[in-house]
Amino acid sequence: MSRTSTSLVARFAANTFWLGRYLERTENLARILHINETYARDKPEGPDWQRILDLYSDSERFHENHEDTSAQSVLQFYILDRNNPSSIVSSVISARENARSIRHLISTEMWTHLNIFYSQLLKMKAREIQPAKLANTASDIVLSCQTFEGIAEGTFLRGEPACFYHLGKYIERADQTTRILDIGYGLLPLGKGDAVTSVQWNVLLRSVSGYHAYRSRYPGRSRVVDIESFLLYDNEFPRALTHCVDRITERIRDMERRHGTKRHSEVEGTRRELEFALETGPGRDITPEMLHAFLDRFQVLLANVSDAVRKTYFG
Amino acid sequence: MSDYDSGDCFCEMQSQHNQPHLSKITKRLDGLDISALRRRARDAERELFNLGVTFTVYTDRDAIDRILPFDVIPRVLSKQDWATIESGVKQRVAALNLFLHDIYHDGHILKDGIIPAQLVKGNKNYRPEMQGVDVPQGTYVHICGTDLVRNENGTFLVLEDNGRCPSGVSYVLENRHLMMRAFPDLADGIPIADVDAYGSRLARAMSEVAPQNMSDPTIVLLSPGIYNSAYFEHVFLAREMGVQLVEGRDLLVEDDTVFMRTTSGKQRVDVIYRRIDDAYLDPESFHRDSALGVPGLFAAYCKGNVNLANAVGTGVADDKAVYAYVPRIIRYYLDQDPILPNVPTNICGEEAGLKKTLDNLDKLVSKPVGEAGGYGVVVGPRASKRELAKLRSLVTADPGNYISQPMIGLSVSPTLIGRAIEPRHVDLRPFALTGEDTWVLPGGLTRVAMKHGSLIVNSSQGGGSKDTWVLV
C-alpha cells in the first residue's frame with residue numbers, strides 16, 4: 001500500500017458507501033419488479049402488486065397519491081416516479097449525485113457510464129414500463145448496473161473509497177436478498193414434503209441469477225429447503241447472505257487495519273451479531289413463519305451495521 | 316475551406332505565411348467533406364456530455380448539464396508567437412507578484428507616485444487585512460490566466476489579467492484529448508506541445524509554497540461544491556493533482572491550524588488551492604453569512620500555518636483600472652519594456668480619460684471595472700442610442716467604475732458553423748503557474764465567439780472553445 005498518510009475525507013466515505021448502496025438497490029429493485037410480473041403469468045387474477053409495496057413498507061406512501069394498485073401505477077411508482085425517493089430513477093439520480101461529489105476519487109469510466117445510464121433513464125417513457133415490455137426494460141437496467149460494477153471492478157483503485165463502496169454494496173445486497181427470499185416464501189406454493197411444485201421457484205432463482213448455480217449445487221433436486229439454504233448459506237454464491245456477510249467482514253477488517261480497533265469497536269460489535277445470526281439461523285425444519293421472522297431480524301441487523309459505520313466514519 | 320473568407324481580420328489559420336505545418340493542416344481540412352466534419356463534431360460533443368465535461372445550470376427541479384460548445388478546427392500558434400507569449404506572460408506575472416508584495420508591505424510604488432494610492436487602497440478588491448502578511452516565496456498569484464487578443468496586424472495584446480481564480484484550464488486538457496480521439500489524422504506528423512503536465516506542475520507549485528518549506532505537504536482543493544458551475548474543473552484538477560477535493564464544511568480550524576475531517580479523525584492541511592472568492596473564505600474575517608468558508612481560516616493563514624493559492628487580496632492586481640498601469644508597473648519593478656503590450660485604455664477615474672470616453676462613447680468599448688464574465692460591456696459601434704445614453708449616465712454617475720478601450724479588430728479562426736466553415740473571433744487565455752518560479756502551459760484556452768461578428772467569447776455569453784496547438 002502506498003501513501004496512506006492521507007485519510008479519506010469523511011463526507012466522501014459516506015458518498016462512496018451510498019453510491020454502492022443505491023446502485024445495488026437499483027439492480028435488485030429491477031429484478032424484483034421483473035419476477036413479480038413473471039410470477040403472475042400463470043395466475044388468472046394477475047400479479048399481486050400490493051405485495052411489493054408491503055415488501056418495501058411503501059404502502060402508505062403509495063396510497064397517498066394512488067387509488068388502485070394496478071401494474072401500471074406500481075411500476076410507474078417504482079421505476080419512473082421522481083417524487084418517490086426509492087424509485088429506480090431516484091436511486092440513480094442519488095447514485096449520480098453521490099458520484100458527482102467523489103468524481104475525483106472514482107475512475108472516469110465509472111462516471112461516464114453512470115452519466116449514460118442516468119440519461120437513458122431520464123429519457124425512458126411510460127410505455128417502456130408497461131407489463132409487456134417490463135422484462136426488456138428491467139434487464140436493461142440490471143445490465144447497466146452490472147456494467148457499472150464491472151467497470152468498478154476493473155478500474156476503481158482499491159483504497160479507502162473502494163472499501164466503503166463495497167461495504168455499501170454488500171450491505172444492500174444482503175438486505176435485498178432477504179427481501180427476494182421473503183417474497184418467494186410468501187407467494188409461492190410449498191409442495192408436500194418440500195418438493196418444489198412450481199416452475200415459479202425456478203423463476204425466483206433466475207431472478208437472482210442463481211438458477212444454474214443452484215442446479216450445479218443440487219443436481220436433479222428441487223426442494224424448497226435446498227433453495228433456502230442455497231440463498232442463505234452458500235458462501236460461494238455471490239448473492240447468498242453468507243457470501244455478502246463474508247465480504248462485509250473483509251471490508252470491516254480492512255478498515256480496522258487502517259483505523260485501529262478502538263475506534264472501530266461499535267462496527268465490529270454489529271458485525272459479530274450479523275455473523276452470529278447466520279450461524280444460528282434456520283435449519284432444515286424451517287417454516288415460512290420462522291423464515292419470515294429471521295429475514296426481518298436480519299434486515300434490522302444490517303441496518304445496525306450501516307448505522308455503526310455512519311457514526312464511526314462519516315463524521 | 317475554399318469558400319472561407321476572413322475579410323479584414325487577422326486569420327489565425329491563413330494570415331501566417333511561411334508556416335508549412337499550417338498549410339498542411341489547411342490541406343487536410345480541405346480533404347474532409349463537411350458531412351464527415353459535422354459527424355465527427357457531433358461525436359465529440361456527445362463524448363463531452365458522457366464524460367461530464369460540463370458546466371451545470373440549476374433550476375428548481377433539474378440539474379441541466381451543458382457542455383461548452385467545442386469547435387473541432389484547432390487554433391494553431393507558431394513557435395515564434397508562443398515564445399513571445401510565454402516570455403510576456405512570465406514577465407507580467409513576475410511584475411504583478413512584486414506589485415502585490417509591495418502594496419501589502421511598504422508601498423514604494425504608491426509613494427513614488429507611479430500609480431494613484433487611492434486607486435489601490437480604495438479598490439474594493441484591496442484587502443487591508445493583508446497588510447504586513449508574508450506569503451511563502453513572495454508569490455501571491457500562483458495561478459494566472461492572462462487574456463490575450465490579437466489585432467489586425469497579428470500583434471498579441473493583453474486584454475485582462477485574471478489573478479484571482481482563473482478558470483478554464485480543464486477545457487484545455489479535455490479539448491486536447493477529445494481532438495486526438497476525434498481527429499488523430501489531422502495532427503499526424505505535426506509536432507505539438509504536450510499539455511498533460513499541468514496537473515503535476517500545479518501540484519509541484521503548491522508544494523513549493525507550503526509553509527515553512529515542509530517536504531511532503533498535504534494539499535487540498537477547496538471548492539464551493541457540486542452546485543458550482545465550475546465544479547467539473549475542480550474535480551478535474553483535484554484528480555490531475557492527486558489531492559482531495561474538499562468543501563468548507565470538511566475543514567476546521569483549531570489553534571490557528573487547519574484540519575480536514577477524515578475517516579480517521581482530524582488531519583492537518585498545509586496548502587489550499589481555493590476556488591472560492593476572498594469574500595467567502597472565512598466568515599470570521601470576511602462575509603459573515605458565508606456558508607462556504609471556514610471560520611478561522613484567515614487567522615491561520617496570517618500566522619503562516621497554512622498557505623492559500625491564490626493569496627488573499629490579489630483581486631486588486633487584476634482590476635480593470637489597475638490594468639491600465641501594468642506597463643508602468645512592469646517598468647518600475649523589472650526595468651524592462653513590456654513584452655506583451657496592453658490595449659490602450661482610458662481610465663474614466665482620471666479627468667482626461669473620462670473626457671475622451673464620453674466624447675467617443677459610440678466608438679469605444681466601455682467596461683465596468685468590477686465585473687467579470689463580459690457582463691456590462693458596451694461595444695460602442697454596435698450599441699443602440701438608448702444603450703449609449705444609459706451608459707453615459709452610468710459612467711457620469713460613477714466614473715471610477717469605468718474604463719474604455721478602442722475597438723480592436725480581433726483575429727478570427729475558421730470555425731465550423733452549421734454546414735460551413737466561417738471566420739469567428741477568438742481570444743487566448745494562457746495559464747501560468749508560479750511556485751518558486753513560473754511555468755506557462757503551452758497554448759491555453761482559445762475561446763471563440765460562436766455568433767457571427769460577436770466579440771464576446773465568454774462561456775456565460777454563448778462562447779465556445781477550440782483546441783490550441785503550439786508548434787514545437
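First to last, the protein sequences are chains H and C.
To convert, note that position 194 of the first sequence is 194 in my numbering; the numbers rise steadily by one, no gaps.
To convert, note that position 40 of the second sequence is 355 in my numbering; the numbers rise steadily by one, no gaps.
We put the beta carbon where it would ideally sit given N, CA and C, even for glycine.
Paired residues, beta bridge with G20(H) - DSSP: Paired residue(s): none; G20(H) is not in a bridge.
Nearest neighbour of T26(H), chosen from A240(H), R247(H), G168(H), P219(H) [CA to CA]: G168(H)
Separation of W201(H) from K192(H), as counted between CA atoms: With a pLDDT of 48 at K192(H), under the threshold of 50, the modelled position of this residue cannot be trusted; read the value that follows with caution. Looking at the two C-alpha atoms, the distance is approximately 15 Å.
Under 8 Å by beta carbon: chain H residues contacting R381(C): Chain H residues near R381(C): none, gap ~13 Å exceeds 8 Å.
Residues of its chain near L770(C), where Cβ-Cβ distance is below 7 Å and the 5 sequence neighbours each way are ignored: V694, L725, H740, A764
T6(H) burial status per 10 Å Cβ neighbour count (16 or more: buried): buried
Chain H within 7 Å of Q527(C), Cβ atoms only: no
Interface residues of chain H facing V550(C) [CB-CB closer than 7 Å]: R103, H104
Close beta carbons around V208(H), own chain, < 8 Å, minus the five adjacent residues each side: Within the same chain, R31, T177, I180, L231, R239 come within 8 Å of V208(H) by CB-CB distance, once the 5 residues on both sides are set aside.
Expected contact under 8 Å - CB spacing of R271(H) and V305(H) to nearest Å: 6 Å
Residues near E475(C) in its chain [Cβ-Cβ closer than 8 Å; skip 5 each side]: T461, D462, D633, K635, Y638
Beta-carbon spacing of F471(C), L337(C) below 7 Å: no
Nearest-angstrom Cα separation, counted from P161(H) out to R96(H): 16 Å
Cβ shell of D323(C) (< 8 Å), same chain only, five flanking positions each side left out: E467, G724
N-terminal and C-terminal residue of the alpha helix (DSSP H) that R465(C) is part of: Counting along the chain, R465(C) falls outside any alpha helix (DSSP H), though it belongs to the beta strand (DSSP E) covering 458-465.
Beta-carbon proximity of T16(H) to I102(H), cut-off 7 Å: Their beta carbons are under 7 Å apart, which means T16(H) touches I102(H) by this criterion.
Nearest neighbour of P610(C), chosen from L566(C), E751(C), K766(C), L383(C) [CA to CA]: L566(C)
Candidates L552(C), Y441(C), N490(C), of which the one nearest Y513(C) by Cα: Of the candidates L552(C), Y441(C), N490(C), the one whose C-alpha sits nearest the C-alpha of Y513(C) is L552(C).
Minimum Cβ-Cβ distance from G367(C) to chain H less than 7 Å: At least one chain H Cβ lies under 7 Å of G367(C).
Length at least 4, wholly inside the region 532-568 of chain C: the alpha helix (DSSP H) runs in chain order: Entirely contained in the region 532-568 of chain C, the alpha helix (DSSP H) runs reaching 4 residues are, in chain order, 546-556.
Contacting residues, own chain, Cβ-Cβ under 7 Å from Q446(C) (five flanking each side not counted): Closer than 7 Å at Cβ, skipping near neighbours: Y419.
Distance, P721(C) Cα to K678(C) Cα: 7 Å
N-terminal and C-terminal residue of the beta strand (DSSP E) that A606(C) is part of: Looking at the DSSP string, A606(C) is not in any beta strand (DSSP E), and its letter there is neither H nor E.
Burial state of G580(C), where buried means 16 or more other Cβ atoms lie within 10 Å: So G580(C) counts as exposed.
Contact set for G504(C): own chain, Cβ-Cβ below 6 Å, skip 5 residues either direction: none
Three-state secondary structure assigned by DSSP to P443(C): helix
Contacts of T399(C) in chain H (Cβ-Cβ under 9 Å): Going along chain H, no residue has its Cβ under 9 Å from T399(C), so there is no contact; the nearest lies around 35 Å.
C-alpha distance - W18(H) paired with N98(H), whole-angstrom precision: 7 Å
Status (buried if at least 16 other CB within 10 Å, exposed otherwise) for Y690(C): exposed
Residues that H740(C) bridges to, as DSSP identifies them: V727(C)
Contact residues within the region 545-573 of chain C, judged by C-beta distance below 7 Å to chain H: V550, A553, R554, Q559, L560, V561, D565
Which residues DSSP lists as bridging F574(C), in chain order: L567(C), R583(C)
Whole-angstrom C-beta distance between T749(C) and N412(C), which should lie under 8 Å: 7 Å
Simplified DSSP state of L8(H), which is helix, strand or coil: Three-state result, L8(H): coil.
Interface flag, H166(H) vs chain C, CB-CB below 7 Å: no
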